[in-house]
Amino acid sequence: MPHFVHAADIHLDRSLPALLDGRATHPFVLAPRLAFIRLIDYVIESDAAFLVLAGDVYDGAWKDVSTGLFFHQQVGRLRSRGVPVYLLHGNHDAESAMPKTLVPPDNVRLFSARSPQSFEFEPLHIHLHGQSFAQADTRENLASAYPRPVTGCVNIGVLHTALAGSPPHSPYAPCTLEQLKGHGYDYWALGHVHQYKMLATDPYIVFPGNLQGLHIKELGARGAVSVPIEDGHLGAPEFVAMDVLRFHLIDMVVPASVQTLAALIGEVRKAIESASDGADGRHLAMRVVLRLDTTVHPSLCRSKTMLRDEMEGLFAQFEDQVTLEGTEFQLRARPAASGTGEAQDAIASLDAYFAQAARDPAFMGTLRDNLQAVLSKRKPSETSTESLLEQIANDELDTAINDAAEQLRTRLRTIE
20 MPHFVHAADI HLDRSLPALL DGRATHPFVL APRLAFIRLI DYVIESDAAF LVLAGDVYDG
80 AWKDVSTGLF FHQQVGRLRS RGVPVYLLHG NHDAESAMPK TLVPPDNVRL FSARSPQSFE
140 FEPLHIHLHG QSFAQADTRE NLASAYPRPV TGCVNIGVLH TALAGSPPHS PYAPCTLEQL
200 KGHGYDYWAL GHVHQYKMLA TDPYIVFPGN LQGLHIKELG ARGAVSVPIE DGHLGAPEFV
260 AMDVLRFHLI DMVVPASVQT LAALIGEVRK AIESASDGAD GRHLAMRVVL RLDTTVHPSL
320 CRSKTMLRDE MEGLFAQFED QVTLEGTEFQ LRARPAASGT GEAQDAIASL DAYFAQAARD
380 PAFMGTLRDN LQAVLSKRKP SETSTESLLE QIANDELDTA INDAAEQLRT RLRTIE
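Just so we're aligned: 400 in the working numbering is position 381 of the sequence shown, and the numbers increase by one with no gaps anywhere.
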């Protein structure tokens with residue numbers, strides 16, 4: 020059956036430095052490239068009519084010309100088979116963000132950044148309409164100027180957008196779902212949002228997601244969509260995984276029955292094995308979050324450094340299948356029993372202080388600035404430094420504060 024392939028957000032040559040650990044030959048270095056090769060393989064092997072790339076093929080300005088050469092080599096494989104590529108630039112590879120480019124191969128139809136442009140795929144009477152980003156920070160509604168559909172033909176709109184907003188994505192080329200539905204096209208090939216989403220079926224409005232997950236917040240399978248063309252109409256899009264590695268989160272509330280380190284390692288091991296079985300043969304980059312009760316697991320809560328070392332030792336046994344992306348330990352306690360005493364009074368005062376501080380933006384801002392200055396001077400061997408810096412950079416200071424507060428509460432509870 021005739022079909023086309025829709026992909027977006029390739030981010031070529033974005034490496035995953037948090038995972039590399041000095042291993043320059045590891046697939047993490049080239050994950051977006053390897054995923055793009057899988058995409059081109061799929062287009063060829065499935066005999067797709069054409070390929071649509073809806074923005075952010077590149078991650079930004081090239082470090083050197085090898086990035087452009089790689090793209091040309093891959094789409095050149097389609098050129099030799101007569102397969103056209105319909106490409107527009109998004110915010111990462113907007114004209115303003117790409118000082119150095121190469122003239123695209125002649126099978127690549129690049130949508131203009133000056134105004135909407137249309138191309139016809141004559142064999143199947145399909146018209147594609149789109150506009151590239153001239154500036155990375157494009158905030159005007161580009162879709163409003165797209166041409167009306169060509170009567171009697173299949174019409175596809177290609178657009179890089181977050182629609183009316185899709186946090187954490189910036190609201191580039193904003194528009195509404197109702198606007199796209201009412202435009203009269205048969206399919207909207209969207210890009211920018213990194214999660215696969217089919218927003219509507221009449222017409223089909225689809226984010227394919229990014230081709231390869233780039234960090235721990237992009238969990239699960241990533242890929243493209245294949246869209247069948249049936250008797251002059253488009254059928255239901257099918258998601259096709261293209262990624263070469265996947266991010267996975269083990270978020271475990273440690274049960275009260277787990278009281279020893281060996282038992283805890285056994286629980287995490289089972290979670291790793293279960294995730295690996297469902298990964299379709301992909302390498303997994305995993306973050307482990309352990310939620311421990313300080314009153315139930317006192318021996319396990321004594322040292323985060325010890326727990327982190329044990330996690331690294333466990334993951335080292337699965338080197339060919341998984342990589343430890345990071346560890347987090349959430350220390351919490353059951354509500355204290357009613358009573359009096361200096362420790363209880365101190366805990367109550369501590370809770371009141373933290374509650375008041377959390378409502379004071381000026382205090383939180385000053386604390387963030389001071390922590391950044393202090394933490395930047397700490398040695399790498401101080402194991403919590405990087406995670407704290409990451410939390411601060413991601414405006415997750417409240418998480419770090421809550422952890423510190425719980426450690427103080429735990430110490431106060433030991434006061435006789």
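Ideal Cβ positions, reconstructed from N, Cα and C, are used throughout, including at glycine.
* When you compare each of 330, 283, 215 to residue 262 by their alpha carbons, which one comes out closest? -> One-based indexing of the sequence shown puts residue 262 at position 243. For the options 330, 283, 215, the alpha carbon positioned closest to that of residue 262 is the one of 215.
* Asked: Thinking C-beta only, is residue 177 closer than 7 Å to residue 71?
  -> One-based indexing of the sequence shown puts residue 71 at position 52. One-based indexing of the sequence shown puts residue 177 at position 158. A contact, by the Cβ cut-off of 7 Å.
* Assign residue 313 to one of two classes, buried (16 or more other C-beta atoms within 10 Å of its C-beta) or exposed (fewer than that). => In the sequence shown, the residue the question calls residue 313 occupies position 294. With 16 or more Cβ atoms within 10 Å of its Cβ, residue 313 is classed as buried.
* **Assigned secondary structure, residue 92 (DSSP; H/G/I helix, E/B strand, else coil)** => To locate residue 92, count along the sequence shown from 1; it is residue 73. In this structure, DSSP gives residue 92 a helical state, which the three-state scheme calls helix.
* Distance between residue 238 and residue 329 (C-alpha atoms, nearest Å) -> By 1-based counting over the sequence shown, the position of residue 329 is 310. By 1-based counting over the sequence shown, the position of residue 238 is 219. Answer to the nearest angstrom: the Cα atoms are 24 Å apart.
* Asked: Name the DSSP beta bridge partners of residue 160, please?
  -> As a working mapping, residue 160 is identified with position 141 in the sequence shown. Paired residues: none, contrary to the question.
* Asked: Can you give the Cα-Cα distance for residue 236 and residue 267, rounded to whole angstroms?
  -> Taking the first residue of the sequence shown as 1, we reach residue 236 at position 217. Taking the first residue of the sequence shown as 1, we reach residue 267 at position 248. Annotation: residue 236 to residue 267 spans about 9 Å, alpha carbon to alpha carbon.
* Proximity of residue 76 and residue 29 at Cβ, strictly below 7 Å -> On the sequence shown, residue 76 is found 57 positions in, with the first residue counted as 1. On the sequence shown, residue 29 is found 10 positions in, with the first residue counted as 1. Yes; because the gap between Cβ atoms is below 7 Å, this pair is in contact.
* Going by DSSP, name the residue or residues bridged to residue 247. => The residue labelled residue 247 in the question sits at position 228 within the sequence shown. Residue 247 has 22 as its beta-bridge partners, per DSSP.
* Looking only at C-alpha atoms, which of 350, 248, 301, 55 sits nearest to residue 337? -> Here residue 337 refers to the residue found at position 318 when the sequence shown is read from its first residue. Residue 301 is the option with its Cα nearest to residue 337.
* Between the stretch 195–213 and the stretch 150–159, do three or more beta carbon pairs fall short of 8 Å? -> The stretch 195–213, when compared against the stretch 150–159, does not touch it at the 8 Å Cβ threshold.
* Would you report the Cα separation of residue 43 and residue 34, rounded to the nearest angstrom? -> For the purposes of this step, residue 43 is taken as residue 24 along the sequence shown, with counting starting at 1. For the purposes of this step, residue 34 is taken as residue 15 along the sequence shown, with counting starting at 1. Legend: pLDDT at residue 43 = 47, less than 50; position of this residue unreliable, no value from coordinates given.
* To do: Grab the span of the alpha helix (DSSP H) containing residue 64 for me, first residue to last.
  => Position 45 of the sequence shown holds residue 64. Unbroken alpha helix (DSSP H) run through residue 64: 50–64.
* Asked: Is it the case that the Cβ atoms of residue 248 and residue 107 are separated by a distance below 7 Å?
  -> The residue you call residue 248 lines up with position 229 of the sequence shown. The residue you call residue 107 lines up with position 88 of the sequence shown. No.
* To do: Could you name the residues that DSSP lists as bridge partners for residue 216?
  => Taking the first residue of the sequence shown as 1, we reach residue 216 at position 197. 226, per the DSSP bridge assignment.
* Which word fits residue 279, buried or exposed, when buried means at least 16 other C-beta atoms lie within 10 angstroms of its C-beta? -> Position 260 of the sequence shown holds residue 279. With fewer than 16 other CB atoms across the displayed protein chains lying within 10 angstroms of its CB, residue 279 is exposed.
* Bridge partners - residue 136, DSSP secondary structure assignment -> Locating residue 136 in the sequence shown gives position 117, where the first residue counts as 1. According to DSSP, residue 136 bridges with 149.
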